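Here the sequence shown is numbered in the numbering used here, starting from 26 and rising by one per residue. Inspection log for the structure reproduced underneath, given as structure tokens.
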Amino acid sequence: MPAKKRTTIDNNQGSKPAPLIAIASVIVSMALIAIGNGLMFAYIPVRLGAGGFDPTWAGLIVTGLSAGGLAGCILTGPLVRRVGHARAFMVLSALIALSNAAIGAGPIPLVWIAARALYGFAICGLFIVAQSWLNDALPNAIRGRVMAVFYVAYIGGLGLGYGTLAAIDIQTAAAPLIGIAFTALSILPVGMTRLAQPPAPQAASVALGKAWRISPVGVAGMLAVGGLSMIISGFAPIHATAKGYSQADVALLLSAMPVGTLILQIPLGWLSDRTDRRYVLAGTAALAVVASLLAIGFDGGALMALVVIYLVWDGAAESIYSLSSAHAADRASKDELLALSSSLLFAWSLSGFIVPGIVTALSAVFGTATFIYVGIVIASMFCVFVLWRVMAARRASAPATGGFAPMCAQTPLPVELAFAPDDSTDRPER
Numbered sequence: 026m027p028a029k030k031r032t033t034i035d036n037n038q039g040s041k042p043a044p045l046i047a048i049a050s051v052i053v054s055m056a057l058i059a060i061g062n063g064l065m066f067a068y069i070p071v072r073l074g075a076g077g078f079d080p081t082w083a084g085l086i087v088t089g090l091s092a093g094g095l096a097g098c099i100l101t102g103p104l105v106r107r108v109g110h111a112r113a114f115m116v117l118s119a120l121i122a123l124s125n126a127a128i129g130a131g132p133i134p135l136v137w138i139a140a141r142a143l144y145g146f147a148i149c150g151l152f153i154v155a156q157s158w159l160n161d162a163l164p165n166a167i168r169g170r171v172m173a174v175f176y177v178a179y180i181g182g183l184g185l186g187y188g189t190l191a192a193i194d195i196q197t198a199a200a201p202l203i204g205i206a207f208t209a210l211s212i213l214p215v216g217m218t219r220l221a222q223p224p225a226p227q228a229a230s231v232a233l234g235k236a237w238r239i240s241p242v243g244v245a246g247m248l249a250v251g252g253l254s255m256i257i258s259g260f261a262p263i264h265a266t267a268k269g270y271s272q273a274d275v276a277l278l279l280s281a282m283p284v285g286t287l288i289l290q291i292p293l294g295w296l297s298d299r300t301d302r303r304y305v306l307a308g309t310a311a312l313a314v315v316a317s318l319l320a321i322g323f324d325g326g327a328l329m330a331l332v333v334i335y336l337v338w339d340g341a342a343e344s345i346y347s348l349s350s351a352h353a354a355d356r357a358s359k360d361e362l363l364a365l366s367s368s369l370l371f372a373w374s375l376s377g378f379i380v381p382g383i384v385t386a387l388s389a390v391f392g393t394a395t396f397i398y399v400g401i402v403i404a405s406m407f408c409v410f411v412l413w414r415v416m417a418a419r420r421a422s423a424p425a426t427g428g429f430a431p432m433c434a435q436t437p438l439p440v441e442l443a444f445a446p447d448d449s450t451d452r453p454e455r
């Protein structure tokens with residue numbers, strides 16, 4: 026059969042209802058990847074600390090990961106337009122396996138920076154591919170619920186991966202090998218899926234100025250959470266290791282943090298659907314400030330107190346992501362959604378690259394606790410900005426307010442490959 030004809034048939038199949046088992050294959054694949062990714066997130070700073078390396082190296086590795094993520098946000102669209110979703114998924118999974126293999130060669134900081142940059146590129150691309158694939162396959166009636174399951178599965182996988190560190194001998198290559206194994210396993214469900222290939226995605230332009238005019242709070246929220254998410258998840262294990270907490274302690278601290286994301290998002294989302302989302306955003310940012318202040322007060326103290334504090338801090342920070350996304354969507358018309366979402370993703374990625382770089386530089390001078398103070402500044406500035414916007418601009422009218430969907434900043438918006446929703450669900454005018 027000619028290639029052109031095959032493509033036409035595949036594209037037509039993409040419009041048919043997808044069987045749940047095929048949809049589940051993508052979700053299971055990403056959950057498996059999450060387990061390996063969580064383990065590597067926890068392993069790298071602990072291994073460097075045990076090897077006597079300066080914490081600055083671990084910070085540079087986080088910055089390299091963020092740089093790779095920014096590149097992934099930009100380049101994934103062209104990759105998928107060239108080879109399709111399934112092949113892109115497998116290519117990006119292979120890059121994660123290569124990244125883990127490089128880390129398994131031993132603690133060589135410069136190699137690890139490059140390896141984690143490669144990982145950042147691949148994991149950002151995987152999220153964009155997986156989410157856009159699901160968005161194309163799912164009918165509107167169940168899209169929100171299935172995507173919520175997708176996010177919960179990934180966050181749960183991260184937590185399981187974090188906790189696995191406690192049972193690993195970090196002096197061996199066990200952690201990278203386990204990461205490679207889970208990445209290889211993740212390819213199997215997608216490789217055997219009968220989920221139809223979506224049509225070639227359209228390119229989405231980035232227009233931060235236009236996005237700011239549509240939703241200043243949405244853009245500011247993405248700038249805030251891009252930095253907050255990366256420094257909390259990236260620098261918390263670095264700081265805990267530098268403070269002398271054991272490998273098992275770091276594993277417990279990290280594995281508890283995703284629980285905060287799951288616990289806080291549902292009530293905050295429910296509340297935001299029933300009032301001005303900006304009030305909820307301001308309160309969530311204030312909660313992040315309080316939690317970070319407590320993190321300073323209890324720094325180096327009782328582990329369980331820190332576990333609870335970081336659980337709340339990370340949960341509040343991650344909730345800013347989904348609340349800001351929902352608020353921005355409330356302010357946009359249907360025709361504006363694709364460009365707006367693309368711009369929000371770019372803002373999130375840019376902040377996720379710049380802020381860890383700043384924290385790394387400052388940590389070399391002021392110590393590994395610097396990320397907490399930077400987190401206080403970011404959350405405080407965002408809280409004040411949101412309160413100012415509450416006084417300066419009216420809220421979106423109730424009919425124009427969409428439903429809240431739980432998300433986290435570890436799962437980027439699928440905007441580079443976004444698909445328009447069904448025609449039956451046109452968004453009301455602003």
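Think of the CB as a built atom: it goes at the ideal place given N, C-alpha and C, for glycine as much as any other residue. Please read all numbers here as calculations on a predicted model, not as lab measurements.
Within a 10 Å sphere around the beta-carbon of F391 sit fewer than 16 other beta-carbons, which makes this residue exposed.
Collapsing the DSSP output to three states places Y270 in coil.
The closest CA to that of M65, considering only P262, G97, D339 and G308, is found on P262.
One Cα belongs to G326, the other to W82, and the distance between them is close to 25 angstroms. Shown here, A198 sits in coil according to DSSP, grouped into three states, outside any helix or strand. Collapsing the DSSP output to three states places G131 in coil.
Out of V174, F152, S240 and M406, the CA that lies nearest to the CA of A357 is found in S240. Non-local C-beta neighbours of G382 in its own chain, meaning closer than 7 angstroms and more than five positions away in sequence, comprise T88, ordered along the chain. By the criterion of at least three beta-carbon pairs nearer than 8 angstroms, the segment 209 to 221 is in contact with the segment 47 to 55.
Taking P70 as the centre and dropping the five residues before and after it, the same chain places the C-beta of A83, P262, I263 and T266 closer than 6 angstroms to its C-beta, in chain order. Cβ contact annotation for A126 (same chain, cutoff 7 angstroms, sequence separation greater than five): P201 and I205, in chain order. Beyond the five residues adjoining it in sequence on each side, S344 comes within less than 7 angstroms, by CB distance, of L289, Q290, L293 and T309 in the same chain, given in chain order. The residue among P223, Q222 and A245 with its C-alpha nearest the C-alpha of L233 is A245. Our two residues, L412 and P134, have alpha carbons roughly 43 angstroms apart in a direct line. Here DSSP, grouped into helix, strand and coil, assigns P283 to helix. CA-to-CA, the gap between D324 and T395 works out to about 12 angstroms. Residue environment for I153: buried (at least 16 other C-beta atoms within 10 angstroms of its C-beta). The alpha-carbon separation between L117 and V108 amounts to approximately 12 angstroms.
Apart from the 5 residues on each side of it in sequence, L387 sits with its Cβ closer than 8 angstroms to the Cβ of T395 and V399 in its chain, given in chain order. Residue I86 holds the alpha-carbon nearest to the alpha-carbon of T385 among I86, L45 and G76.
A direct Cα-to-Cα measurement between P103 and V402 gives close to 37 angstroms. The Cβ neighbour count for S271, taken over all protein chains shown within 10 Å, is under 16; the residue is labelled exposed.
V415 and L306 have their C-alpha atoms spaced approximately 11 angstroms apart. Scanning P223, L312, A341 and S254 for the CA closest to the CA of V105 turns up P223.
With respect to A192, S317 sits apart: the two C-beta atoms are not nearer than 9 angstroms. Linking I257 to L370 through their CA atoms gives a straight-line distance of about 19 angstroms. T81 carries a helical assignment under DSSP once its states are collapsed to helix, strand and coil. If one requires a minimum length of 4 residues, the alpha helix (DSSP H) runs lying completely within the segment 89 to 160 are 110 to 129, in chain order.
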